[in-house]
Structures are given as C-alpha cells and as structure tokens.
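Start counting the sequence shown at 15; every next residue gets the next number (the working numbering).
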Amino acid sequence: MVTHMKTTIEIADALGEAARKTAEREGTTLRALVEEGLRRVLDDRLRTRRFRLREASYKGRGLNPALADAGWERIRELAYEGRS
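1) Taking the C-alpha atoms as reference points, what is the distance between L29 and S71?
2) In terms of residue numbering, what span does the alpha helix (DSSP H) encompassing L29 cover?
3) How is G51 classed by DSSP in three states: helix, strand or coil?
4) In three-state DSSP terms, what is I23?
5) Is the separation between the beta-carbon of L52 and that of A37 shorter than 8 Å?
See the structure below:
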C-alpha cells in the first residue's frame, strides 16, 4: 500500500517557475519533479555515507617481539635496509 504525505514547501520564485515549466515541457507534474530530485539527493548522500575502508591487514604474526620497544626510526631503517 502506497501512502503519501501532504506537505507545503517554500522555494524561490525563479526555481518554482523553472520547475513548473520543465514539468509542463516534459509532460509530468511538479510533484514528480520534486520527488525525483529528493530521491537523487537522498541516494547521493546515503551512498557517500556508506564508505568503509577495506580490510588491508597483513596476514602475518604481528610485530616481531625484538621490535616491541623500537621507535619508528628503527623500524623504518629495517624496512628499507639494503635499498638505496
């Protein structure tokens, strides 16, 4: 069952007139244009909120116990050891 909410919105005169003319030209209603616009905006916002960082963990055994107290400088030195 489809239900509808009756509401009143205030929009700028120029925007309302442009929307009315577009609806007339396309053979649709102002209501249909407003609903389409709201759906697009809501879909876009929902899509941007769904971002999740992909799992990028390395399948190792964790940090080498010998490096547990090492600082980043030492870890970086070991990572680049033997490279120019």
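Backbone N, C-alpha and C fix where the C-beta goes; we use that ideal spot for every residue, glycine too.
Working from what's here:
1) Annotation: L29 to S71 spans about 50 Å, alpha carbon to alpha carbon.
2) Taken as a continuous stretch (DSSP letters only), the alpha helix (DSSP H) holding L29 covers D27 to E40.
3) Reduced to three states, the DSSP call for G51 is helix.
4) In this structure, I23 counts as coil in the three-state DSSP scheme.
5) No Cβ-Cβ contact shorter than 8 Å links L52 with A37.
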